[in-house]
Amino acid sequence: EAGVTQFPSHSVIEKGQTVTLRCDPISGHDNLYWYRRVMGKEIKFLLHFVKESKQDESGMPNNRFLAERTGGTYSTLKVQPAELEDSGVYFCASGAGGDEQFFGPGTRLTVL
Amino acid sequence: GQSLEQPSEVTAVEGAIVQINCTYQTSGFYGLSWYQQHDGGAPTFLSYNALDGLEETGRFSSFLSRSDSYGYLLLQELQMKDSASYFCAVSSWDYKLSFGAGTTVTVRA
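Residue numbers (my numbering), protein chains in the order written: chain A, 17 to 128; chain B, 599 to 707.
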């Protein structure tokens with residue numbers, strides 16, 4: 017069974033540009049989470065989807081971040097316009113509703 | 599909000615036992631999870647404690663005391679491949695995770 021995949025693995029963009037990150041969860045997992053780790057600090061929650069609905073987006077930093085999960089399958093996280101402080105590793109995780117979350121390898125975003 | 603504290607680094611030799619403590623202050627606590635991360639890769643689930651007591655899974659065990667807001671991860675018979683970062687994380691009702699800063703475990707020969 018394929019695990020959680022994320023694309024791209026790395027992205028380097030300039031301040032003010034737009035970047036879209038993609039996450040493909042494990043098939044059948046209704047729950048999808050986005051997390052971010054900035055500058056070696058703790059991994060922080062961004063938002064949680066249940067199927068295509070946003071269950072909790074309390075961790076989204078500001079309105080420059082937009083997440084979608086069309087059809088309840090893959091999810092995208094768009095940052096527009098990107099700022100320097102957005103640099104970090106963005107992780108996606110999926111789960112079937114139990115206590116274990118399966119993380120993807122992350123997207124390393126660098127904003128110059 | 600959530601606040602978790604765990605040691606930043608631990609070093610031990612192969613075959614030794616390491617205990618990583620985690621204390622937390624939180625609202626809406628449902629359980630304490632532990633994740634392992636190698637070289638900044640995908641965090642991997644190790645264990646989850648919702649009730650007080652010890653959970654054992656092979657060489658790894660995890661303990662929780664809800665009254666003390668405290669838990670630990672115990673790594674036994676350390677192997678070189680156990681060198682990694684270990685994160686404790688508090689779960690809310692919808693399994694949203696709030697992570698500690700992580701403990702880097704270095705295993706020496």
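Even glycine gets a Cβ: it sits at the ideal position worked out from N, Cα and C.
Simplified DSSP state of residue i, which is helix, strand or coil
i: Lys747 of chain B; result: Any answer about residue 747 of chain B is impossible in this case: the structure gives chain B only from 599 up to 707.
i: Asp102 of chain A; result: helix
i: Gly135 of chain A; result: Residue numbering for chain A in the displayed model covers 17 to 128; residue 135 of chain A lies beyond these limits and cannot be assessed.
i: Val66 of chain A; result: strand
i: Val35 of chain A; result: strand
i: Tyr693 of chain B; result: coil
i: Val20 of chain A; result: coil
i: Asn647 of chain B; result: strand
Neighbourhood of residue i by C-beta, 6 Å cutoff - its chain only, sequence neighbours within 5 removed
i: Glu607 of chain B; result: Thr702
i: Gln623 of chain B; result: Ser601
i: Arg664 of chain B; result: Asp650
i: His64 of chain A; result: Tyr49, Gln71 and Asp72
Cβ shell of residue i (< 7 Å), same chain only, five flanking positions each side left out
i: Ser690 of chain B; result: Gly626 and Tyr628
i: Glu84 of chain A; result: Ser91 and Thr92
Short CB-CB distance (under 8 Å) between residue i and chain B
i: Glu116 of chain A; result: yes
i: Asn47 of chain A; result: yes
i: Gly102 of chain A; result: Position check: residue 102 of chain A holds Asp in this sequence, whereas Gly was assumed. Not an interface residue.
i: Asp40 of chain A; result: no
i: Pro121 of chain A; result: yes
i: Val105 of chain A; result: yes
i: Glu58 of chain A; result: yes
i: Gly88 of chain A; result: no
i: His26 of chain A; result: no
i: Gly111 of chain A; result: yes
i: Phe129 of chain A; result: The first residue shown for chain A is 17 and the last is 128, placing residue 129 of chain A beyond what the model contains.
Cβ of residue i within 8 Å of any chain A Cβ
i: Phe661 of chain B; result: no
i: Lys679 of chain B; result: no
i: Ser683 of chain B; result: no
i: Ala707 of chain B; result: no
i: Ser696 of chain B; result: yes
i: Gly650 of chain B; result: At residue 650 of chain B the sequence reads Asp, which differs from the Gly that was named. Closer than 8 Å: no.
i: Ser625 of chain B; result: no
i: Tyr693 of chain B; result: yes
Element boundaries [beta strand (DSSP E), containing residue i]
i: Tyr51 of chain A; result: Asn47 to Arg53
i: Glu607 of chain B; result: Glu607 to Val611
i: Val705 of chain B; result: Thr701 to Arg706
i: Tyr622 of chain B; result: Val616 to Gln623
i: Leu630 of chain B; result: Gly629 to Gln635
i: Ile42 of chain A; result: Ile42 of chain A -> no beta strand (DSSP E), and no H or E assigned at all.
i: Ser91 of chain A; result: Ser91 to Val95
i: Leu125 of chain A; result: Thr123 to Val127
Distance cut-off 7 Å: residue i Cβ against heavy atoms of the ligand COA
i: Ser91 of chain A; result: As presented, the structure is devoid of all ligands, the ligand COA included, so that no description of it is given.
Inset, instruction - Assess, as a yes-or-no matter, whether the stretch 99 to 110 of chain A is touched by the stretch 47 to 58 of chain A under the definition of 3 or more beta carbon pairs within less than 8 Å. - result: yes
Inset, instruction - Could you tell me whether the stretch 657 to 671 of chain B touches the stretch 608 to 619 of chain B, where touching means 3 or more Cβ pairs closer than 8 Å? - result: yes
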